[in-house]
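Undergrad:
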Amino acid sequence: MRNGKLTAAAIAASTGLLLSACGSGSSSEEGFSAPVAENPSFEQGTTMAEYADSGEITIGTKKDQPLFGLENLNGEMQGFDVAIGEIIAGKLGIPADKINWKETPSKNRELYIEQGKVDMVVATYTINDKRAERVTFAGPYYEAGQDLMVKQSNDSITGPESLRDSEAKVCSARGSTPSERIREYIDPSRLVLFDTYSKCADALRNGQAQAVTTDNSILMGLVSENENQFKVVGNTFSEEPYGIGITKGDTKFCQFINDSLRTAAENGTYQEAWNSSAGKVSEKTPELPELQSCG
Amino acid sequence: MQVLIDNYHLYLRGLGTTLQICLYAGLLTLVVGTFIAGCRVAPLTPLRAFGTAWVTVFRNCPLAVVLFFMAFGIPALGINASYFVFGTIGLALYTSAFVCEAIRSGINAVSPGQAEAARSVGLGFGQTLRLVILPQAVRSIIPPLGSVMIAMIKNSAIAGAFGIGGDLYAVGIRQSSAQGEEIIPVLLGVALGYLIITIPAGLLLGYVERKVAIAR
């Protein structure tokens with residue numbers, strides 16, 4: 001019996017450790033903390049009232065996207081998407097440590113919103129008509145564009161047009177919009193597809209691919225992780241407005257998010273969010289793009 | 001379901017790519033697996049050790065790890081080939097461990113008297129294996145080999161994720177996330193595609209099994 005008790009105590013202790021280790025996995029942005037509204041009041045029955053009353057919110061984001069949504073080794077969330085999420089949660093009176101970050105890979109974004117697994121998605125989420133059939137988009141909060149990343153020594157690839165007559169293999173993530181668009185420039189047989197862009201960076205490093213293509217925001221992150229190896233060509237050939245996905249038809253919540261973004265841009269929080277994340281490798285601070293109507 | 005009708009040509013092309021991966025990997029894995037099985041029952045200790053090591057490594061490593069080494073390890077050594085080649089070889093090597101064990105179980109099922117008789121009429125090890133043991137072993141190999149092969153066909157989706165693209169599962173991913181189609185009908189289409197390959201494969205194996213069966 002004595003042994004049994006000891007084991008039980010040990011299990012309890014280790015479970016406690018485990019729980020506390022998981023619990024601390026909230027966010028802390030270096031030099032950035034979003035202002036938290038004190039006791040904001042919202043019209044009864046709205047989504048905002050629901051979240052504000054419960055005091056917490058679940059936000060879907062990526063956890064492997066440097067500069068935008070990245071979970072570091074201490075379990076802290078970092079990046080521009082994370083900061084935007086914190087700004088909006090702050091307007092609801094929810095402090096950063098009450099946000100549940102749920103990893104939301106590209107292919108699950110609509111599904112998670114529809115199934116209510118997340119309350120909103122801020123995950124380098126390009127607004128397009130097809131997606132807008134299933135979710136409502138607030139924003140956009142950033143205007144990215146598709147670009148190419150090559151080895152630093154490569155001067156022959158200057159843009160998508162220069163790929164047409166070359167033999168270059170181009171790597172992208174499967175199921176992504178950039179991987180669809182690049183098909184206009186190259187034959188599908190020259191398209192290399194992986195599930196993550198970090199694998200594309202490896203393919204580029206060991207010469208299995210000559211270029212990586214996706215949104216410049218993601219490429220900047222890859223460049224920052226592999227110093228002095230790669231460069232972004234800097235010739236964008238698409239407009240990728242990043243939006244915040246929420247439940248289809250929740251117009252009031254969409255307007256609330258847009259208002260929050262506008263305020264953040266006016267009082268400088270938006271710029272702070274950028275400078276603490278993606279701004280580290282990009283010279284210019286973006287303006288908040290013109291917001292879409294919530295329809 | 002409209003998505004399946006509208007994009008049937010994409011699914012067909014995906015089916016083609018998956019079939020190609022499976023065909024090449026299947027042939028290669030049968031050859032390699034049989035050779036390794038031969039090693040495992042060989043009278044020479046180094047050969048047996050090699051066979052055992054091979055099976056231990058490839059049966060116990062997750063397929064994704066094997067494929068990772070193929071796709072990123074080999075190019076790092078300066079050997080470049082297309083991801084199709086890397087993926088197919090990786091899938092074949094992984095499966096060969098299971099093929100080897102299926103064949104070895106068949107070899108063990110042949111009564112030892114057969115091998116002794118073959119030896120006593122002067123056949124060498126290779127001849128004994130080739131002419132006496134394996135033809136009898138085939139009967140009990142077919143059912144487990146069938147399961148291994150069908151597992152390989154489904155595993156080809158993992159190989160597809162390592163740079164090949166365009167396989168059946170990749171088509172599904174492309175539909176559902178790049179083009180924003182609903183995932184359930186898309187994946188039903190993918191499942192249908194795999195069934196189109198695996199069910200006839202199962203039927204074929206059943207046919208072969210009946211062909212080589214003897215009345216006991």
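Sequences listed follow chains G and C, in order. According to the UniProt record's numbering, the first sequence holds residues 1 to 295 in order. According to the UniProt record's numbering, the second sequence holds residues 1 to 216 in order. Just so it is clear, CB atoms sit at the ideal spot from N, CA and C, and this is done for glycine as well.
(1) Answer yes or no: do K130 (chain G) and Q179 (chain C) have a C-beta to C-beta separation smaller than 8 Å?
(2) Please compile the residues from chain G whose C-beta is within a distance smaller than 8 Å of the C-beta of Q179 (chain C).
(3) Pull up the CB-CB distance for C200 (chain G) and S172 (chain G), whole angstroms please, since I reckon it's below 8 Å.
(4) Mind checking G73 (chain C): buried by the 16 CB within 10 Å criterion, or exposed?
(5) Can you find the residues in the same chain that come closer than 7 Å, C-beta to C-beta, to G245 (chain G), ignoring five residues on each side of it along the sequence?
(6) To which residues of the same chain is L134 (chain C) closer than 6 Å at the C-beta, ignoring the five residues directly before and after it?
(7) Taking the Cβ atom as the reference point for each residue, do I36 (chain C) and C100 (chain C) lie within a distance shorter than 8 Å?
(8) Return the chain-ordered ranges of every alpha helix (DSSP H) run that is complete within the region 54-94 of chain G and spans a minimum of 4 residues.
(9) State the Cα-Cα distance for the pair S153 (chain G) and L67 (chain G), rounded to the nearest angstrom.
(10) Less than 6 Å between C-beta atoms, sequence neighbours within five positions excluded: which residues of the same chain meet that for F256 (chain G)?
(11) Note down, one range per segment and in chain order, each beta strand (DSSP E) of at least 3 residues found wholly within the region 156-214 of chain G.
(12) Could one say the Cβ of I173 (chain C) lies closer than 8 Å to chain G's Cβ atoms, at least one of them?
(13) Should P200 (chain C) be listed as close to the ligand NAP, given that the test is whether its C-beta is under 7 Å from any heavy atom?
(14) Please check if any C-beta of chain G sits within less than 8 Å of the C-beta of P43 (chain C).
(15) Check each residue of the region 64-85 of chain C: if its Cβ is closer than 7 Å to any Cβ of chain G, include it; give the result in chain order.
(16) Which one of G:V212, G:D187 and G:E133 has the shortest CA to CA distance from T158 (chain G)?
(17) I'd like to know whether the C-beta of A157 (chain C) is nearer than 8 Å to at least one C-beta of chain G.
(18) Using the beta-carbon of each residue, which ones in chain C are nearer than 8 Å to F194 (chain G)?
(19) So S176 (chain C) contacts chain G; which residues on that side make the cut at Cβ distance below 8 Å?
(20) Going by the DSSP bridge assignment, what does W101 (chain G) pair with across the sheet?
(21) Taking 8 Å as the cut-off, decide whether the C-beta atoms of Q65 (chain G) and G221 (chain G) are in contact.
(22) For Q146 (chain G), which residues does DSSP report across the bridge?
(23) If you reduce the DSSP assignment to three classes, tell me which class T126 (chain G) lands in.
(24) Does any CB atom of chain C fall closer than 8 Å to the CB of Q208 (chain G)?
(25) State the DSSP-derived secondary structure class of M1 (chain C), mapped to helix, strand or coil.
(26) To the nearest angstrom, how far is the alpha carbon of E38 (chain G) from that of A96 (chain G)?
(27) Quick check on E50 (chain G): does DSSP put it in helix, strand or coil?
(28) Taking the straight line between their C-alpha atoms, what separation do you get for G113 (chain C) and Q127 (chain C)?
(29) Mind pulling the chain G residues with CB within less than 8 Å of I183 (chain C)?
(30) Which runs of the alpha helix (DSSP H) fall wholly inside the region 128-187 of chain C and span at least 4 residues, in chain order?
(31) Evaluate the contact criterion for the region 87-106 of chain C versus the region 141-156 of chain C: three or more CB pairs, one atom per stretch, below 8 Å.
(32) Do you know whose CA, among G:S224, G:R205, G:I218 and G:L193, lies nearest I164 (chain C)'s CA?
(33) Just the chain G side, please: which residues come within less than 8 Å of F87 (chain C) by C-beta, in chain order?
(34) Report, in whole angstroms, the separation of the C-beta atoms of G55 (chain G) and K62 (chain G), which I expect to be a contact under 8 Å.
(35) Reducing DSSP to helix, strand and coil, say where F230 (chain G) ends up.
(36) Per DSSP, which one or two residues make a beta bridge with A138 (chain G)?
TA: On the basis of the data shown:
(1) As a working mapping, residue 130 (chain G) is identified with position 130 in the first sequence. As a working mapping, residue 179 (chain C) is identified with position 179 in the second sequence. For K130 (chain G) and Q179 (chain C), yes; Cβs fall inside 8 Å.
(2) Here residue 179 (chain C) refers to the residue found at position 179 of the second sequence. Chain G residues near Q179 (chain C): K130 and E180.
(3) The residue labelled residue 200 (chain G) in the question sits at position 200 within the first sequence. The residue labelled residue 172 (chain G) in the question sits at position 172 within the first sequence. With 8 Å as the limit, C200 (chain G) and S172 (chain G) qualify as a contact, their Cβ atoms being about 7 Å apart.
(4) In the second sequence, the residue the question calls residue 73 (chain C) occupies position 73. So G73 (chain C) counts as exposed.
(5) Residue 245 (chain G) sits at position 245 when you count from the first residue of the first sequence. Around G245 (chain G): R109, I113, M120, V121, Y125, V135 and F137.
(6) Walking along the second sequence from the start, residue 134 (chain C) turns up at place 134. None.
(7) The residue given as residue 36 (chain C) occupies position 36 in the second sequence. The residue given as residue 100 (chain C) occupies position 100 in the second sequence. Yes. Within cutoff.
(8) Runs found: 80-91.
(9) Taking the first sequence and counting its residues from 1, one reaches residue 153 (chain G) at position 153. Taking the first sequence and counting its residues from 1, one reaches residue 67 (chain G) at position 67. Here the C-alpha atom of S153 (chain G) lies approximately 24 Å from the C-alpha atom of L67 (chain G).
(10) Taking the first sequence and counting its residues from 1, one reaches residue 256 (chain G) at position 256. Taken in chain order, the residues that qualify are M48.
(11) For the region 156-214 of chain G, whole beta strand (DSSP E) runs of length 3 or above, ordered along the chain, are 170-173 and 191-194.
(12) For the purposes of this step, residue 173 (chain C) is identified with residue 173 of the second sequence, where counting begins at 1. Closer than 8 Å: yes.
(13) Looking for the ligand NAP in the displayed structure turns up nothing, as the structure carries no ligands at all.
(14) Position 43 of the second sequence, counted from the start, is the residue given in the question as residue 43 (chain C). Look at P43 (chain C): its C-beta is not under 8 Å from any C-beta on chain G.
(15) Within the region 64-85 of chain C, the residues whose Cβ lies closer than 7 Å to some Cβ of chain G are F72, P75, A76, N80 and Y83, listed in chain order.
(16) Along the first sequence, read from residue 1 onward, the residue named residue 158 (chain G) stands at position 158. Residue G:V212 is the option with its Cα nearest to T158 (chain G).
(17) Here residue 157 (chain C) is taken as the residue at index 157 of the second sequence, counted from 1. No - not a single Cβ of chain G is within 8 Å of the one on A157 (chain C).
(18) Counting from 1 along the first sequence, the entry for residue 194 (chain G) is found at position 194. Within chain C, the residues A161, F162 and G163 have their CB atoms less than 8 Å from the CB of F194 (chain G), given in chain order.
(19) Position 176 of the second sequence, counted from the first residue, corresponds to residue 176 (chain C). Those within 8 Å of S176 (chain C) in chain G are K107 and G175.
(20) Here residue 101 (chain G) corresponds to residue number 101 of the first sequence, with the count starting at 1. Its beta-bridge partners are G:I59.
(21) Stepping through the first sequence from its first residue, residue 65 (chain G) is reached at position 65. Stepping through the first sequence from its first residue, residue 221 (chain G) is reached at position 221. If you check the CB distance, Q65 (chain G) and G221 (chain G) come in under 8 Å.
(22) Position 146 of the first sequence, counted from the start, is the residue given in the question as residue 146 (chain G). Q146 (chain G) is bridged to G:D215.
(23) Counted from its first residue, the first sequence places residue 126 (chain G) at position 126. Reduced to three states, the DSSP call for T126 (chain G) is strand.
(24) For the purposes of this step, residue 208 (chain G) is taken as the residue at position 208 of the first sequence. Among the residues facing chain C, Q208 (chain G) is included, as its CB has a counterpart in that chain under 8 Å away.
(25) Mapped onto the second sequence, residue 1 (chain C) falls at position 1. In the three-state reduction of the DSSP assignment, M1 (chain C) falls in the coil class, being assigned neither a helical nor a strand state.
(26) Here residue 38 (chain G) refers to the residue found at position 38 when the first sequence is read from its first residue. Here residue 96 (chain G) refers to the residue found at position 96 when the first sequence is read from its first residue. Distance between the alpha carbons of E38 (chain G) and A96 (chain G): 14 Å.
(27) For this step, residue 50 (chain G) is matched to residue 50 along the first sequence. Under the three-state reduction of DSSP output, E50 (chain G) falls in the helix class.
(28) Numbered from 1 along the second sequence, position 113 holds the residue referred to as residue 113 (chain C). Numbered from 1 along the second sequence, position 127 holds the residue referred to as residue 127 (chain C). Between G113 (chain C) and Q127 (chain C), the C-alpha separation is close to 15 Å.
(29) In the second sequence, the residue the question calls residue 183 (chain C) occupies position 183. K107 and L111, listed in chain order.
(30) Fully enclosed alpha helix (DSSP H) runs of 4 or longer: 134-160 and 168-173.
(31) With contact defined as three or more Cβ pairs closer than 8 Å, the region 87-106 of chain C and the region 141-156 of chain C are in contact.
(32) In the second sequence, residue 164 (chain C) corresponds to position 164, counting from 1. Checking every option, the nearest Cα to that of I164 (chain C) belongs to G:L193.
(33) By one-based count along the second sequence, residue 87 (chain C) stands at place 87. Per the sequence presented here, residue 87 (chain C) reads as Gly, with Phe not at that position. Against chain G, a Cβ distance below 8 Å from G87 (chain C) picks out nothing, because the smallest value is about 11 Å.
(34) Looking up residue 55 (chain G) in the first sequence gives position 55. Looking up residue 62 (chain G) in the first sequence gives position 62. Actually they are not in contact, since the Cβ atoms of G55 (chain G) and K62 (chain G) sit about 25 Å apart, beyond 8 Å.
(35) Working through the first sequence from its first residue, we reach residue 230 (chain G) at position 230. Three-state DSSP puts F230 (chain G) in a strand.
(36) Against the first sequence, residue 138 (chain G) aligns to sequence position 138. Under the DSSP definition of a beta bridge, A138 (chain G) partners with G:I244.
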